[in-house]
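> Here's a structure for you.
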Amino acid sequence: MSDRIDELMQLVDVEPDALREAEFAQAQAILENLVGKTIADIEVEETRIVLTTAEGNRFFFYGFLGGSEEEAT
């Protein structure tokens with residue numbers, strides 16, 4: 008039980024900027040694979056961006072919207 012609590016506490020310690028950077032890197036990798044594809048639709052939602060290709064594949068991008076608190080001030 009103590010190990011599980013330690014694991015959960017580590018999740019609380021995740022830095023938002025590090026998470027944002029990881030999501031941005033993943034988004035870049037996905038977009039690089041879409042070179043030459045036709046984008047049929049893009050939806051900008053409150054917490055994500057949904058990209059749909061002409062083939063009907065949907066990609067969801069999270070986590071890098073906005074900036075750090077330091078950038079906002």
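Under the numbering used here, the first residue of the sequence shown is numbered 8, with each subsequent residue one higher. Backbone N, C-alpha and C define an ideal beta-carbon position, used for all residues, glycine too.
#1: CA-CA distance, Ala25 and Arg11?
#2: Helix or strand or just coil, what does DSSP make of Arg55?
#3: Output needed for Ile56: all residues of its chain with C-beta closer than 6 Å, excluding positions within five of it in sequence on either side, in chain order.
#4: Just verifying my parser: in three-state terms, what is the DSSP assignment at Glu6?
#5: How about Lys44 and Thr54: are their beta carbons less than 8 Å apart?
Here's the rundown:
#1: As a first step, residue 25 must be located in the sequence shown, where it is residue number 18. As a first step, residue 11 must be located in the sequence shown, where it is residue number 4. Going from the Cα of Ala25 to the Cα of Arg11 covers about 23 Å.
#2: Here residue 55 is taken as the residue at index 48 of the sequence shown, counted from 1. Correct three-state label for Arg55: coil.
#3: For the purposes of this step, residue 56 is taken as residue 49 along the sequence shown, with counting starting at 1. Hits under 6 Å: Phe68.
#4: Residue coverage of the chain in this structure runs from 8 to 80, which leaves residue 6 outside it and unanswerable.
#5: Position 37 of the sequence shown, counting from 1, holds the residue named residue 44. Position 47 of the sequence shown, counting from 1, holds the residue named residue 54. Their beta carbons are not under 8 Å apart, which means Lys44 does not touch Thr54 by this criterion.
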